[in-house]
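So the structure is just underneath, and the comments pick up after that.
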Amino acid sequence: QTTVGRNAYRAVMGAFQNYYDALKLERIGRVPEGLQLCYTNPPGFNNFASFTYHFDGASYDIEGKFVNLFN
Numbered sequence: 002q003t004t005v006g007r008n009a010y011r012a013v014m015g016a017f018q019n020y021y022d023a024l025k026l027e028r029i030g031r032v033p034e035g036l037q038l039c040y041t042n043p044p045g046f047n048n049f050a051s052f053t054y055h056f057d058g059a060s061y062d063i064e065g066k067f068v069n070l071f072n
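Numbering (our numbering), first residue to last: 2 to 72.
The structure is reproduced here in structure tokens:
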């Protein structure tokens with residue numbers, strides 16, 4: 002699939018939002034500057050979304066713990 006004619010950032014953020022909304026996580030309304038999509042992190046939650054970059058002839062997988070910013 003190509004990003005020609007698409008906003009790749011918007012597509013990725015939409016996928017993350019769909020993923021976390023499906024898990025019924027509570028979205029944080031007021032977020033720090035520079036962060037667009039924030040959720041509460043329930044105790045014991047570790048089912049973070051992973052991310053894969055696709056290149057011609059190769060893919061690079063990133064574990065969820067390295068994709069998401071949390072504290």
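Ideal Cβ positions, reconstructed from N, Cα and C, are used throughout, including at glycine. All figures in this text were calculated on a predicted structure; none of them were measured in a lab.
Taking one C-beta from the segment 20-27 and one from the segment 37-44 each time, how about it: are there three or more such pairs within less than 8 Å?
yes
Whose C-beta lies closer than 8 Å to the C-beta of R7 among residues of the same chain, with five residues either side of it excluded?
none
Can you check which of these residues, A9, P44, D62, is closest to E27 by C-alpha distance?
P44
Considering only residues of the same chain and omitting the five flanking positions on each side of E64, which have a CB-CB separation below 7 Å?
S51
Bridge partners for S60 per DSSP, in chain order?
H55
Taking Cβ positions, are F49 and K66 nearer each other than 8 Å?
yes
Using a Cβ-Cβ cut-off of 7 Å (strictly less than) and excluding sequence neighbours within five positions of V68, which residues of its own chain qualify?
F49, A50, S51, F52
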